[in-house]
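In our numbering, the protein residues as written are 12 to 450. Read the structure below first, then the notes.
Spelled out as structure tokens, the structure:
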């Protein structure tokens, strides 16, 4: 049973934060987010959350500067996961569906996971669906500790779509007048027809969505929709794209199949989540039209997984190895994320999932993907991005989201799979959230 926590208890979840405005890293080798090798020893000055100066020559620290001697270790950009569900990933399905669950209890669970995620070195994430806005606000206000969050808000789904989370006893809002529990919690909008889709998109934008997530095909974690079905008509999807583009941002869609993905591209969608069933022709089209593929190495079946979900996941798991290879071959714009849902214990393996990419990519390619490339997808939000500035790189003028690694991850990628020992310093926005040198 979830425990109800007071605001004071929520605040107590945050680790202590050193809020110095100026930090100087000396004697560090830099992986800048794009290169295939680290630099010679460098010094890096952080001021007011920005990388202010980088030099191979000594930088005079001045007064009130925290100096961290890296002793030849590697300074790199913070990790970025572009497919998370900070709320859904913090709760089991039983907890989420419990009649005793409350918004306060959900926030408390999610707050714990947000803190742990930042301390695993993930300084920025893209939340692709769920009741995220109160949680993001609490992070930005310093009430809890967590990564930067690019929020989509409630998923937008047709009736009987992947975002139709209604229980069997919940009837259609349109015919019976009562919103479902998931809609009331801000987890999803069930929207049919152009007008309802426009309203749902605009409602999310009103609350601060950085981008919009539509369900364009069937899914494995939902009860009503087979994986092969195509969801939303072209007109409905175009409506969503138009509303998002009027606000200077974009639509991403949940979709696996060529039919669903090609319809989404026809409608003007800029990013595809998943895509493990795509064929070569569709991947070629995505590369030609600069469509992002936000791809994952989905978790294998777990012992307590619902048999129906196991059955629906089988072709997805079989397809994901093939799609990674084809996407690389055809130079599709690739981003990486985890997509952990309703199994909080999986969160502890977030870093290890990066290592799964070694089947197709070199350490340099992988580190570039989970820093620079993922940051490029975040930047697709344009002016709707909640944090203006450059991420995923180490260069003068970029935001100071940084990790000091005990070794060179370009030579030994496994270093990033043990953040507790190997991430000696974790900085977000110039603030130090972890510093093992301070012991």
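Glycine included, each C-beta is placed from N, C-alpha and C at the ideal position.
### Task
List the DSSP bridge partners of residue 133.
90
### Message
When you compare the CB positions of residue 140 and residue 170, do they come within less than 8 Å of one another, or not?
### Response
no
### Task
Hey, could you find the ends of the alpha helix (DSSP H) residue 374 is sitting in?
374-379
### Query
When the Cα atoms are used, what is the spatial distance from residue 326 to residue 286?
11 Å
### Task
Grab the span of the beta strand (DSSP E) containing residue 178 for me, first residue to last.
First-last for residue 178: undefined, no H or E at that position.
### Task
Enumerate in chain order the residues of its own chain whose CB-to-CB distance from residue 336 is below 7 Å, with the five nearest sequence positions on each side excluded.
371
### Host beta strand (DSSP E) of residue 427 (start-end)
Looking at the DSSP string, residue 427 is not in any beta strand (DSSP E), and its letter there is neither H nor E.
### Message
According to DSSP, simplified to helix, strand and coil, what is residue 370?
### Response
helix
### Query
Curious, which full-length beta strand (DSSP E) runs of at least 3 residues does the stretch 240-270 contain?
Those beta strand (DSSP E) runs which fall completely within the stretch 240-270 and span 3+ residues are 262-266.
### Proximity of residue 96 and residue 138 at Cβ, strictly below 8 Å
yes
### Task
Measure the alpha-carbon distance for residue 266 versus residue 215 and round it to whole angstroms.
20 Å
#### Entry: Beta-carbon proximity check, residue 94 vs residue 348, cutoff 8 Å
yes
### Task
Could you work out which residue in 260, 251, 342 and 316 is closest to residue 294 when comparing CA atoms only?
342
### Task
Taking only the alpha-carbon atoms, compute the straight-line gap between residue 368 and residue 73 and give it to the nearest angstrom.
43 Å
### Message
Can you look up residue 444 in the DSSP assignment and give me helix, strand or coil?
### Response
strand
### Task
Note down the Cα distance separating residue 353 from residue 296, rounded to an integer number of angstroms.
Roughly 34 Å between the two C-alpha positions.
### Query
Is DSSP giving residue 391 helix, strand or coil here?
Residue state, collapsed to three classes: helix.
### Task
Could you check the C-alpha separation between residue 27 and residue 444 for me, to the nearest Å?
Reliability of the predicted coordinates at residue 27 is poor, the pLDDT of 41 falling under 50, and the value obtained from them is presented with this limitation in mind. C-alpha separation (whole angstroms): 7 Å.
#### Entry: Buried/exposed call for residue 278, threshold 16 Cβ in 10 Å
By the 10 Å Cβ count, residue 278 comes out buried.
### Query
If residue 101 sits next to residue 124, beta carbons under 8 Å apart, how far is it from one beta carbon to the other, in whole angstroms?
4 Å
### Query
Cα separation between residue 250 and residue 160?
26 Å
### Query
Applying the criterion that 16 or more other CB atoms from any shown protein chain within 10 Å of the CB defines a buried residue, is residue 71 buried or exposed?
exposed
### Message
Taking 7 Å as the cut-off, is the C-beta of residue 258 nearer than that to any heavy atom in the ligand MN?
### Response
Ligands displayed in this structure: none; no statement on the ligand MN is therefore possible.
### Message
Comparing C-alpha positions only, which one of 76, 193, 244 and 34 sits nearest to residue 98?
### Response
193
### Task
Could you have a look at residue 326 and say whether DSSP puts it in helix, strand or coil?
helix
### Query
Between the C-alpha atoms of residue 112 and residue 106, what's the straight-line distance to the nearest angstrom?
If you draw a straight line from the Cα of residue 112 to the Cα of residue 106, it is about 7 Å long.
### Query
So what does DSSP say about residue 314, is it helix, strand or coil?
coil
### Message
Just list the residues that DSSP pairs residue 347 with in beta bridges.
### Response
306
### Message
By alpha-carbon positions, which one of 237, 52, 198 and 203 ends up nearest to residue 185?
### Response
Proximity to residue 185 across 237, 52, 198 and 203 peaks at 203, based on C-alpha coordinates.
#### Entry: Touch test, the stretch 415-429 against the stretch 398-407, Cβ-Cβ under 8 Å, three pairs minimum
Not touching, per the Cβ criterion.
### Query
Can the beta-carbon of residue 220 be found less than 8 Å from the beta-carbon of residue 242?
no
### Task
Can you give me the Cβ contacts of residue 69 inside the same chain, cut-off strictly under 7 Å, excluding the 5 residues immediately before and after it?
Around residue 69, the same chain offers 54 as residues with beta carbons nearer than 7 Å, after the five sequence neighbours per side are excluded.
### Query
According to the Cβ coordinates, are residue 118 and residue 145 closer than 8 Å?
yes
### Message
Excluding the 5 residues flanking residue 393 on each side, which residues of the same chain have their C-beta closer than 7 Å to its C-beta?
### Response
Closer than 7 Å at the Cβ level, and outside the excluded window around residue 393, lie 259 and 260.
### Extent of the continuous beta strand (DSSP E) to which residue 212 belongs
Premise fails: residue 212 lies in the alpha helix (DSSP H), 204-217, not in any beta strand (DSSP E).
### Task
Could you tell me which residues DSSP pairs with residue 410 in its beta bridges?
Residue 410 is bridged to 61.
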